[in-house]
Each structure stands twice: as structure tokens, then as C-alpha cells.
Amino acid sequence: MTMFKKNPSLMVFIALLAIFTLAVTFMSEAYGTGALSTSFVKTLGKTLCLALVAIAMDLVWGYTGILSLGHFAFFGLGGYMIGMWLMYARTEIIVIESMANAPIPPTPSEISDAIGTQIFGVVGSSDFPLIWSFAHSFWAQIALVVLVPGLLALVFGWLAFRSRVTGVYLSILTQAMTLALSLYLFQNDSGLRGNNGLSGLQNLPGADAISQDNISIWFFWASAFALLLTYLIAAFIVSGKFGSVIRGIRDDEARVRFLGYSVEGFKLFVFTLTAVIAAIGGALYYPQAGIINPAEIAPIASIYLAVWVAIGGRGRIYGAVIGAAFVSLVSTYFTGGQAPDISLGFYTIKWVDWWLVFLGLSFVLVTLFAPKGIGGLFDLITDRMSPNRHGVPLGPDKGSLREEEAEK
Amino acid sequence: MLRSLIAACLLMLSCSFAAQAQDRTIQDVLQEHAEIISQSSRRTIGPAIDAIAGSGLPAAQDVLQAWQARDMWQRTSDGLFFKAERIDSSTYDLIDFATGESVGAATKDDLEQLKPNSGIRAMIGAALVQFQLNAPDPDLRREALLAIQRNGEAAHLAPLRASIEGETDPAIKTLKETAERLLTISYDPDDAARVEAIEGFKGSLSLDARAALNPVISTKILPAEGLSEAANVKRELRAGSRDLSVEAAYDLLVSAGVIETQPSVSERKAALETHVENGAVAGVPLADLNTQEARDRAYAALAQEGFVPAFDPNFTMEAAVTGVSFVEVYDEPSQAVTGAAEGTLASINRAVGLNQFFDLSLDGLSLASIYFLAAIGLAITFGVMGVINMAHGEFIMMGAYTGYVVQQIVPDYTVSILLAIPLAFAVTFAAGVAMERLIIRWLYNRPLETLLATFGVSIALQQLAKNIFGTQARPLTSPGWLDGALSFNDVVSISYIRIAIFILALIFLGVFLFIMKKTRLGLETRAVTQNPRMAASMGINPDKVNMLTFGLGSGIAGIAGVAIGLYAKVTSELGSDYIVQSFMTVVVGGVGNIWGTLLGATMIGFLQKGIEWFNPSNTLAAQTYMIVFIIIFIQFRPKGIIALKGRAAGD
Chain L
497 MTMFKKNPSL MVFIALLAIF TLAVTFMSEA YGTGALSTSF VKTLGKTLCL
547 ALVAIAMDLV WGYTGILSLG HFAFFGLGGY MIGMWLMYAR TEIIVIESMA
597 NAPIPPTPSE ISDAIGTQIF GVVGSSDFPL IWSFAHSFWA QIALVVLVPG
647 LLALVFGWLA FRSRVTGVYL SILTQAMTLA LSLYLFQNDS GLRGNNGLSG
697 LQNLPGADAI SQDNISIWFF WASAFALLLT YLIAAFIVSG KFGSVIRGIR
747 DDEARVRFLG YSVEGFKLFV FTLTAVIAAI GGALYYPQAG IINPAEIAPI
797 ASIYLAVWVA IGGRGRIYGA VIGAAFVSLV STYFTGGQAP DISLGFYTIK
847 WVDWWLVFLG LSFVLVTLFA PKGIGGLFDL ITDRMSPNRH GVPLGPDKGS
897 LREEEAEK
Chain R
18 MLRSLIAACL LMLSCSFAAQ AQDRTIQDVL QEHAEIISQS SRRTIGPAID
68 AIAGSGLPAA QDVLQAWQAR DMWQRTSDGL FFKAERIDSS TYDLIDFATG
118 ESVGAATKDD LEQLKPNSGI RAMIGAALVQ FQLNAPDPDL RREALLAIQR
168 NGEAAHLAPL RASIEGETDP AIKTLKETAE RLLTISYDPD DAARVEAIEG
218 FKGSLSLDAR AALNPVISTK ILPAEGLSEA ANVKRELRAG SRDLSVEAAY
268 DLLVSAGVIE TQPSVSERKA ALETHVENGA VAGVPLADLN TQEARDRAYA
318 ALAQEGFVPA FDPNFTMEAA VTGVSFVEVY DEPSQAVTGA AEGTLASINR
368 AVGLNQFFDL SLDGLSLASI YFLAAIGLAI TFGVMGVINM AHGEFIMMGA
418 YTGYVVQQIV PDYTVSILLA IPLAFAVTFA AGVAMERLII RWLYNRPLET
468 LLATFGVSIA LQQLAKNIFG TQARPLTSPG WLDGALSFND VVSISYIRIA
518 IFILALIFLG VFLFIMKKTR LGLETRAVTQ NPRMAASMGI NPDKVNMLTF
568 GLGSGIAGIA GVAIGLYAKV TSELGSDYIV QSFMTVVVGG VGNIWGTLLG
618 ATMIGFLQKG IEWFNPSNTL AAQTYMIVFI IIFIQFRPKG IIALKGRAAG
668 D
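Same order as they appear, the protein sequences are chains L and R.
Numbering of the first sequence is given in our numbering, commencing with residue 497 and proceeding in unit increments.
Numbering of the second sequence is given in our numbering, commencing with residue 18 and proceeding in unit increments.
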């Protein structure tokens with residue numbers, strides 16, 4: 497129970513998440529008053545998934561000091577893996593239904609061919625690529641959600657960490673990996689339908705009779721539960737000895753290495769674990785979004801992930817959740833066209849056009865003046881002031897926290 | 018008949034005149050062949066055209082042209098031929114061929130138009146070629162040669178050969194000889210002459226030679242059985258090999274009537290569907306027909322009762338075509354000609370391959386110079402100062418948009434480019450200095466934060482450009498003297514704009530080296546980067562030096578933007594397309610060393626072109642594989658190609 501003792505915020509978070517989930521349920525169209533539209537429930541569910549991947553980012557960046565610009569690629573891969581099963585299973589049902597009226601019942605190979613034509617018709621093909629070998633099996637694809645991004649992270653991380661690529665070089669390298677993956681998926685012959693991506697994922701196979709109102713709230717629950725689990729895992733990891741070691745790696749990698757710890761092993765574990773968490777987040781996110789295409793994996797998405805964590809406050813788990821939820825909800829509000837325009841007399845500011853400019857500049861301001869992010873506000877309440885070390889960084893490494901970011 | 022009688026009289030008259038004056042006119046020639054001319058039949062017209070073309074009279078060309086254009090008319094009253102020009106709907110002005118002067122008007126009733134059909138017009142056209150080939154104006158001769166090369170015919174061969182002898186212009190003579198050899202390959206009836214002409218093209222890069230040789234070696238695949246002895250066989254083939262798939266071989270055998278077709282899977286299914294009786298087919302219930310074996314059983318039962326054509330369950334396409342030998346046969350019957358053509362094409366392909374390699378190298382070089390241009394600013398801000406500037410791409414974009422705005426104000430493209438380069442430098446220098454003063458100097462100890470803060474600037478600038486210039490691409494037009502390409506031959510060519518970018522990249526390299534090694538600013542920059550406190554104690558103002566150095570790197574990005582905008586469209590995403598590659602270039606080359614950046618750009622440029630060469634249709638795959646290669650490369654040389662050593666390395 498040291499975990500709860502070291503993280504007083506943990507109980508608060510669990511309580512808030514439970515209240516939030518209950519509140520949304522009782523305001524949903526399926527189980528409550530209907531004050532929240534189904535599409536908004538989906539937005540909230542997606543936001544929870546983004547908060548989940550932000551926790552992963554915080555673990556790898558805020559606690560271990562690896563600024564990975566590739567975690568959204570793992571998120572997207574998770575989405576692709578579950579999307580393959582959703583698309584296959586649903587197309588299979590449709591195909592079998594349409595063939596039921598044929599004078600002669602179809603053979604298995606005829607069904608498989610028809611599914612292939614349905615799915616790959618848009619990229620001018622009808623054969624199943626090798627990577628779809630397990631698409632018929634739900635459990636196999638669920639396993640792949642964890643295995644594919646996990647293995648990619650393991651191999652990539654092993655290569656990068658063993659050759660001691662650190663700091664900004666690692667950031668650029670992960671960004672290159674993300675770019676390569678998205679460019680690869682953009683090709684039509686990648687086997688994942690090129691830039692069309694996978695679509696119709698919101699329709700669960702065999703659940704046509706159930707309305708989207710119910711499905712959306714189920715996914716919301718699942719997302720909330722996954723977020724809770726992730727939060728607990730993250731809190732557990734950072735509160736024990738393991739957490740001390742990874743914070744040590746962040747602040748002075750060389751010193752931790754000389755103390756006899758296998759820095760590469762710790763880094764690799766955190767990198768792979770967070771990649772798997774991100775992939776699970778993606779597997780929950782994309783059935784709610786309904787479509788996934790390679791643009792979701794583009795390097796910019798991973799940079800936004802870092803932006804959320806930075807704005808929320810890195811180095812604290814609830815900071816990541818706050819950052820992801822706050823920025824993505826506010827972005828949805830301003831870019832969705834609901835925000836009123838501001839008239840300056842000579843020029844009218846349309847938020848759809850100017851939101852990104854505003855976000856970019858406020859991000860610069862947060863980096864410069866509030867390195868603790870929104871999470872820093874809680875320090876004011878709890879009076880957790882930093883020790884005065886006259887502006888000297890806590891650790892000698894360039895990635896380490898500065899005095900003004902550190903907690904007491 | 019009266020007409021021909023009069024014509025005969027006239028003919029005799031004119032003949033006698035001609036005999037007296039030794040002065041035959043073109044009209045006489047026409048009258049000699051008046052009958053077949055007015056008959057206008059393709060089979061008999063030959064002698065008439067030959068007589069006109071061979072008369073040696075200056076008017077012969079006019080006659081043929083007028084005839085071909087359906088402007089030649091015959092006067093019914095006396096049978097004379099004239100060129101007629103329409104005055105109004107019923108009256109025509111007649112022009113004498115020999116003198117070119119009008120001989121008075123005539124009504125349409127008195128005239129008959131000669132209407133040569135397309136076959137005859139083509140024959141006239143072939144006869145006209147010799148006039149064009151011998152025309153006094155060299156431009157006309159060149160034009161005629163071009164026409165022959167585009168649409169050669171057997172009939173062109175003789176006049177072309179005849180015209181070579183008298184050709185005075187050596188350049189045109191060479192052209193004529195080449196055209197003659199090309200025509201010989203395609204149309205000469207004599208195999209020896211064709212072989213000689215074919216062998217003359219050994220190692221040639223000309224597209225025309227390849228176009229003339231390829232039809233000579235066209236082939237078709239046939240079953241070997243029943244082939245005539247005289248067939249010019251290229252090689253024997255087996256079904257299932259790379260050049261002959263099993264399906265194609267099966268189709269060949271079926272169309273040759275060697276084997277009979279078997280009902281295909283879908284045909285058998287259709288047959289089953291038509292024989293459904295009481296929920297069963299031949300005793301097999303419908304519900305059981307969901308496997309191929311059950312369907313085969315039902316079909317076999319139907320076949321036994323004779324309802325459907327028989328089907329051998331052991332039949333496979335592979336079995337049907339094994340053991341049958343196929344041959345690839347040339348359409349051209351002469352073995353000597355095809356052999357020579359194959360040999361010559363092989364030597365041409367070798368030469369073309371070698372030249373394609375050069376061409377690819379030029380492409381790689383120009384891509385490398387583009388990457389170098391995009392990365393050289395980063396080599397200063399990231400390589401020398403160690404600042405990660407994610408907004409570097411947006412500085413490139415700002416430079417390109419500056420060029421675009423200057424072109425809107427100054428319409429002359431040459432002047433506007435010359436103006437745009439210093440202006441772009443000034444704009445991005447100012448932007449760089451502002452960014453360094455306002456943001457980066459607070460974050461020198463926190464490189465990861467610099468990355469994020471400059472990323473914030475980057476998305477703000479990108480959206481700002483979208484708001485100002487819109488989302489559609491803006492053109493940055495290059496001056497006229499940069500249009501076109503420098504071609505060495507039919508294969509190797511490079512556009513002038515790419516040469517200009519290459520030269521610009523070289524200039525930048527020189528400027529960078531000069532500033533860093535020979536100027537006070539360069540010395541101070543190097544001092545401040547190595548040890549700012551020591552430099553400060555030597556009287557250098559590190560703040561000022563950092564500001565100027567960052568401004569310089571940003572300014573160079575602006576100029577690169579103008580150059581990149583010239584060959585790519587200017588959009589707000591222009592910069593972000595280059596940012597990852599630019600960082601890659603600097604990291605691969607080795608941070609802090611301009612030669613490393615040069616090597617990195619060269620490696621990435623050549624590598625990308627090389628990968629594209631394997632799969633030209635898929636540039637996305639080329640980029641993917643290149644990035645994967647770079648990731649692996651960094652495993653082995655984490656510090657880049659040229660790694661800094663000692664204290665300058667910073668660790």
C-alpha cells in the first residue's frame with residue numbers, strides 16, 4: 497500500500513473518475529436522461545483513451561526522460577490490429593447474408609474470396625495479404641494488439657538504447673520511425689488499404705440490433721476502466737524502487753549506470769510497456785472513432801501527445817490525464833466550429849482558422865513560464881514548494897528536471 | 018469520247034510543238050496520262066504519278082500538291098488540267114501550272130474536279146517526298162526528314178536514297194543517312210542490306226533505332242507441334258516458366274484446338290444451379306453443396322446422366338500443359354535479320370543501361386543538393402549550436418512565400434528572383450533572431466524543451482501561412498533562362514533548375530566554410546559553442562554571437578526556401594515535408610561538421626534515387642526503406658559519418 501501512501505492523488509483520481517463515469521452514464525441517451533448526445537459520449541470515451549496514452553507518454557518522457565515521438569504510432573498500430581478483426585468479421589456477416597439467397601450454398605473459399613473483394617476492392621485487389629492471416633479470429637487479433645506494437649517497440653528500443661542513442665537524437669530517431677511507418681501504410685500494397693484506411697469500425701459485428709447509444713456507453717465504460725487500470729499500473733511502477741531508478745535515469749543516466757543498474761534494460765522495459773499501453777488505448781479509441789487511416793500515425797500526432805503531457809505537467813501521472821483531456825476537449829470545441837467568432841472591428845477572428853496559432857503560442861508560453869504545466873496549479877493549493885537551489889538543475893543531464901519543476 | 022478525241026488532237030499538237038521547241042510543258046505530261054488520271058484508280062495511277070514526278074519540270078511539285086489537295090480540275094471542253102481557285106459557288110479561276118498565271122475564269126459546268134481517294138493521295142504524298150527532300154530550303158528538307166522518321170513508308174526509301182547523293186549540307190546529309198538506315202531496317206526487301214543497316218546501330222542511344230528494331234524482333238508463342246519448317250524460331254519454352262504461365266499455355270492449346278476445354282469452377286456451379294430438382298441436385302441435397310467435393314460429386318452424377326458436358330475430376334491445367342513444348346517464333350521470317358537485330362539491341366541496351374546509370378547519378382546529385390540546401394541552415398543551428406529548431410521547415414516555407422510575394426510585386430522573373438534571395442534572407446534572419454531572443458535563449462540548458470517550444474512556433478507559423486495565403490499551392494515561377502534541360506543524349510539529361518540548385522548548394526558550402534573558418538563571427542561562434550563561459554571571459558559577448566549565428570542559420574533556410582519553391586509548389590506544408598529529412602541529413606552526416614552534412618545529403622539523395630530505381634512507381638516505399646536504412650545506419654555509427662572527437666564532441 498506504499499503506492500497509495502506515496503500518491504495521495506491516487507484516491508482523488510479514482511473517486512473523480514468513478515463520479516465522472518457515473519455522471520456520464522446517467523446523462524447518456526442509453527441509460528439516463530439523454531442530456532449528453534451519443535456523439536458527445538463517444539468524444540468523452542475517446543478523450544479517456546487519449547488520457548490513457550498520455551499516461552504512457554508521461555511514464556516514458558516525464559519519468560524516464562525519453563522524449564519518444566513515436567508513441568502515437570503504437571497507438572495507431574493497436575487501432576489497426578483491432579480494426580482488421582472488426583472489418584473482417586462484419587464484412588463476413590454481410591457477405592454470408594447476401595449469399596444466403598443464392599440457389600446453392602457458398603463454399604468456404606467462395607465466402608473468403610467475396611470478403612477479400614469487399615475489403616480490398618478500393619485498392620484494386622481481392623486477395624488477402626499475409627498480415628490478415630489471423631483477422632478471422634477475435635482473440636488472435638487481440639493478442640496482436642499487444643504483440644505487434646510491443647515487438648516493434650522492443651526491437652526498435654533495443655537497437656536504439658544499446659547504441660546509446662539518447663536525448664534529442666532518440667527523439668529524431670523515433671520521429672523517423674513514425675514517418676517511415678505512416679509512409680509505408682500510405683501505400684496501397686501495404687495490405688492495409690493504403691490511404692483509405694480501415695472504416696466502419698463503429699459497427700460491431702453481430703451487434704446490428706443494438707443501437708449506437710448503448711455501444712457508445714459500453715465503450716465509454718471500457719475506456720474508463722482501462723484508464724483506471726493504466727493509472728494504477730503507472731502509479732505502482734513509479735512509487736516503488738523501480739520508479740526511483742527510472743527517475744534517476746532521467747536525471748543522470750551515467751550515474752545510475754555506474755551504480756550498477758542496467759540502464760538499457762530499464763529503458764527498454766518502460767519503452768515497451770508504454771508502447772503496449774498505447775496500443776491498448778488505440779484498440780479502444782478507433783472503434784469509437786469509426787475510421788483509422790495512416791494520417792493518424794503521422795509524426796505530428798506524436799508531437800501533439802508530447803504537447804498534451806507538457807501542458808498537463810510532466811512527471812506526474814494526473815498531469816498527463818489533465819493535459820490530454822483539457823487540450824483535446826478544448827481543441828474539439830474550437831475547431832468544431834461551435835466557438836463564437838470574435839469581432840475586432842477591422843478583422844473577425846474565426847476560431848477554426850486561428851485556434852492552431854493560439855495553441856502553438858500558448859504552448860510556447862507554457863514551456864517558457866510554466867514548466868510544471870497545469871498540474872503545477874495543484875502545488876499552489878497543497879503548498880508543495882520547490883527547494884531553492886538558485887536555478888540550478890537537479891541533475892547534471894540536459895534532460896533532467898529543473899528546480900522550478902521539481903516537487904518537494 | 019469527244020473529250021478524249023480532242024485531247025488526243027491536242028496531245029499531238031503539243032507533241033509537235035514540244036518536238037520543235039524541245040520544250041515539253043507539264044500540261045503535256047498530264048495529257049499523256051489524261052485517261053488514267055481522270056479514271057483515278059489506285060491500281061493504274063502509278064505510271065502517271067511517276068511520269069509527273071520524273072518529268073524534271075519545275076511545276077511538277079505544284080501539280081502533285083494541287084492534285085493531292087483536290088485543287089486540280091479538268092476543263093471539260095478541251096480536257097486541259099488546271100489548278101482552280103474558287104471565286105463563287107459556280108465560278109472558278111483557272112491557273113496554268115507552268116506559268117502560275119490565271120488563264121481566265123470558268124463556270125463549274127465546264128469543269129470537273131479530280132478526286133483522288135486516300136490511297137492515291139498517299140501515293141502522291143510519297144512522290145512528293147523527293148521534292149521536299151531536294152527542296153532548296155534546308156528547313157524544308159529537315160521537316161521532310163522528320164516526317165519520314167515519324168511515319169516512314171516503304172515508298173520513301175527510293176527517293177530518300179536518291180536524295181543523299183546531291184545533299185550539300187553535311188548535317189542534313191548525316192540525318193538523311195540515319196533516316197535511310199532506319200527505313201532500310203523496316204522496309205528494304207534485301208535481307209543483306211537490312212542486316213548491314215541493323216549492325217550500323219550497334220551501341221547507339223537513339224530512340225528511333227530502338228523503335229525501328231523492336232518490331233523486327235516481335236514474337237509470338239505457339240505450340241511446337243505442326244510448326245512449319247521455315248519458321249524462324251527464337252527458343253523453346255515450357256509451360257509454367259517465367260515467360261509462359263500455365264494459364265496462358267492452356268489458353269494457347271485450347272485456341273489451337275489441341276485440347277478441349279473443361280468446364281471451369283464457375284461454369285460447373287452454373288450448371289448445378291440449372292439442374293436443381295426438389296431441393297437437390299442429382300440426389301445431393303442443396304444444403305450439402307457448400308463444399309467443393311460435394312459439388313464435384315453432384316456434377317459427376319449429372320454428367321453420367323448426360324445432362325452436362327463431362328468433367329474429369331483429375332483434370333488440372335498443370336497436367337494438361339506438361340509435356341507439351343512451346344516455341345517462341347519471330348514474326349520476321351529471316352533468321353539473319355532477327356539475329357543481327359537481337360545482337361544490336363543487346364549492345365544498345367548495354368549502352369542505354371550505362372547512360373541510365375549516369376542519368377540516375379545526376380538525379381541523385383540534384384536530390385542530394387536539395388537535401389543539402391534544406392539542411393545547411395540546420396547544420397548551423399543544430400550542428401554548431403546544438404539547438405533543435407523544429408520551426409526550421411517553417412523558415413524554409415517563409416523564404417518560399419517571400420519569393421512568391423516578391424513575384425507578385427515585381428513582374429520580371431529574373432529581377433524578382435534576384436530581389437527575393439536577399440529579401441528572403443532578411444525576413445528569415447529577422448524571424449530567427451526574434452525567436453532566439455524571445456524563446457531559445459531561455460532554454461539553452463533544456464534541449465528537449467527547445468524541441469517542444471519551437472514545435473509550438475512551427476504549428477503557429479504553419480497555420481498563420483494558411484490563414485494568409487490559403488491552402489492551395491502558390492506558384493513560384495523560375496525565370497525563362499532556367500527553363501528546359503541540358504541533354505547530353507536521348508537518355509541523359511538534367512533540367513537547368515536542378516543545375517542552378519546544385520550550384521547554389523556549392524555556393525552555400527563555400528559561404529559556410531568562409532564564415533566559420535575565416536571570419537571573426539565564425540571564430541567567436543566556435544568559441545561560444547565549445548565553452549561559453551571561457552569565451553565570455555575572453556571578451557566575447559555570447560548572447561550576441563548566439564543571436565547572430567541563429568539568425569544566419571535561419572536566413573540560409575530562407576534562401577533555400579526560394580530555391581526549393583522554384584521546383585516544388587509553395588504550400589504551408591512545404592517546410593514540414595523537409596524537416597525530418599533535414600534532421601536525418603545532419604544526424605547521419607555527423608553533428609557539427611559541414612562536410613558530414615554534405616556527405617549525409619549525398620548518401621541520402623543517392624540512396625533514395627537508387628531505391629526508386631528498383632521500384633520507380635512507388636516513391637513512398639523508397640522513402641520508407643530509406644528511413645529504415647538510416648535508422649539501422651545510426652545503430653552502427655551513432656555519431657554520424659564524420660564524428661567529432663575530443664572536447665568539441667561535448668561528452
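A virtual CB, placed ideally from N, CA and C, is assigned to each residue, including glycine.
Nearest-angstrom beta carbon gap, residue j and residue i [assumed within contact, 8 Å]
{"i": "Glu345(R)", "j": "Arg252(R)", "result": "5 Å"}
{"i": "Phe787(L)", "j": "Ser695(L)", "result": "The amino acid at residue 787(L) is misidentified as Phe; the sequence shows Ile. With a Cβ gap of about 5 Å, Ile787(L) and Ser695(L) count as contacting."}
{"i": "Val579(R)", "j": "Ala441(R)", "result": "5 Å"}
{"i": "Gly606(R)", "j": "Phe412(R)", "result": "Going by Cβ atoms, the distance from Gly606(R) to Phe412(R) rounds to 20 Å, so no, they are not a contact pair."}
{"i": "Gly572(R)", "j": "Met414(R)", "result": "Going by Cβ atoms, the distance from Gly572(R) to Met414(R) rounds to 14 Å, so no, they are not a contact pair."}
{"i": "Leu666(L)", "j": "Ala676(L)", "result": "Not confirmed; about 15 Å, so no contact."}
{"i": "Thr619(R)", "j": "Val603(R)", "result": "That belief does not hold up - the Cβ atoms of Thr619(R) and Val603(R) are roughly 13 Å apart, past 8 Å."}
{"i": "Ser719(L)", "j": "Gly561(L)", "result": "Incorrect: roughly 28 Å between the Cβ atoms, too far for contact."}
{"i": "Leu728(L)", "j": "Ala550(L)", "result": "The Cβ separation is near 16 Å, so there is no contact."}
{"i": "Val587(R)", "j": "Ala437(R)", "result": "In fact, because the Cβ distance is near 12 Å, the residues do not count as touching under 8 Å."}
Distance, residue j Cα to residue i Cα
{"i": "Leu74(R)", "j": "Ala115(R)", "result": "9 Å"}
{"i": "Ser589(R)", "j": "Gly473(R)", "result": "15 Å"}
{"i": "Ala123(R)", "j": "Phe98(R)", "result": "13 Å"}
{"i": "Ala448(R)", "j": "Glu588(L)", "result": "57 Å"}
{"i": "Thr93(R)", "j": "Lys237(R)", "result": "56 Å"}
{"i": "Gly702(L)", "j": "Leu544(L)", "result": "26 Å"}
{"i": "Arg103(R)", "j": "Pro492(R)", "result": "51 Å"}
{"i": "Ser57(R)", "j": "Asn134(R)", "result": "8 Å"}
{"i": "Glu749(L)", "j": "Val759(L)", "result": "7 Å"}
{"i": "Ile658(R)", "j": "Gly609(R)", "result": "11 Å"}
{"i": "Leu377(R)", "j": "Gly627(R)", "result": "8 Å"}
{"i": "Ile611(L)", "j": "Phe446(R)", "result": "58 Å"}
DSSP state of residue i mapped onto helix, strand, coil
{"i": "Phe721(L)", "result": "helix"}
{"i": "Thr236(R)", "result": "strand"}
{"i": "Ala38(R)", "result": "Below a pLDDT of 50, predicted positions are generally treated as unreliable, and Ala38(R), at 43, falls in that range; the measurement from the model is reported next regardless. The answer is helix: DSSP assigns Ala38(R) an H, G or I state."}
{"i": "Gln757(L)", "result": "The sequence as given places Tyr at residue 757(L); Gln does not occur at that position. Reduced to three states, the DSSP call for Tyr757(L) is coil."}
{"i": "Glu184(R)", "result": "coil"}
{"i": "Thr619(R)", "result": "helix"}
{"i": "Lys656(R)", "result": "coil"}
{"i": "Phe842(L)", "result": "coil"}
{"i": "Val325(R)", "result": "coil"}
{"i": "Glu49(R)", "result": "helix"}
{"i": "Thr124(R)", "result": "strand"}
{"i": "Lys675(R)", "result": "The structure shown does not extend to residue 675(R), since chain R is modelled only from 18 through 668, so no value can be given for it."}
{"i": "Ala673(R)", "result": "The requested residue 673(R) does not occur in the structure, where chain R is confined to residues 18 to 668."}
Neighbour flag for residue i against chain C, beta carbons, 7 Å
{"i": "Thr613(L)", "result": "No chain C is part of this structure, whose protein chains are labelled L and R."}
For the stretch 461–478 of chain R, enumerate the residues whose C-beta is nearer than 9 Å to any C-beta of chain L, in chain order. Residues passing the 9 Å Cβ filter: Asn462, Arg463, Pro464, Leu465, Glu466, Thr467, Leu468, Leu469, Ala470, Thr471, Phe472, Gly473, Val474, Ser475, Ile476, Ala477 and Leu478.
Residues of the stretch 587–608 of chain R whose Cβ lies closer than 8 Å to any Cβ of chain L, in chain order: Here the close residues are Ser593, Val597, Phe600, Met601 and Val604.
Jot down the residue ranges of each uninterrupted beta strand (DSSP E) in the stretch 461–542 of chain R, minimum 3 residues, whole runs only, in chain order. 502–504 and 510–512, all fully within the stretch 461–542 of chain R.
Could you name each continuous beta strand (DSSP E) segment of 3 residues or more that falls completely within the stretch 335–363 of chain R, going from the start of the chain to the end? If we require 3 residues or more, the beta strand (DSSP E) runs fully inside the stretch 335–363 of chain R come out as 342–347.
Selection of the stretch 656–678 of chain L by Cβ proximity to chain R, strictly under 7 Å: Within the stretch 656–678 of chain L, the residues whose Cβ lies closer than 7 Å to some Cβ of chain R are Ser659, Arg660, Val661, Gly663, Val664, Tyr665, Ser667, Ile668, Leu669, Gln671, Ala672, Met673, Leu675 and Ala676, listed in chain order.
Can you give, in chain order, each stretch of the alpha helix (DSSP H) that sits fully within the stretch 539–595 of chain R and has at least 4 residues? Listed in chain order, the alpha helix (DSSP H) elements of length 4 or more contained wholly in the stretch 539–595 of chain R are 549–554 and 559–584.
Positions along the stretch 628–657 of chain R whose CB lies within less than 7 Å of some CB in chain L: Only Asn635, Leu637, Ala638, Gln640, Thr641, Ile644, Val645, Ile647, Ile648, Ile651, Gln652 and Pro655 from the stretch 628–657 of chain R bring a Cβ to less than 7 Å from some Cβ of chain L.
Tell me the start and end of each unbroken alpha helix (DSSP H) in the stretch 252–335 of chain R that is at least 4 residues and wholly inside, in chain order. Runs of the alpha helix (DSSP H) inside the stretch 252–335 of chain R: 263–272, 282–291 and 309–321.
Which residues of the stretch 132–144 of chain R have a Cβ closer than 7 Å to any Cβ of chain L? Give them in chain order. Correct list: empty, as no residue qualifies.
Please list the residues of the stretch 273–290 of chain R that have a C-beta atom closer than 7 Å to any C-beta atom in chain L, keeping them in chain order. Cβ contacts with chain L: Lys286, Leu289 and Glu290.
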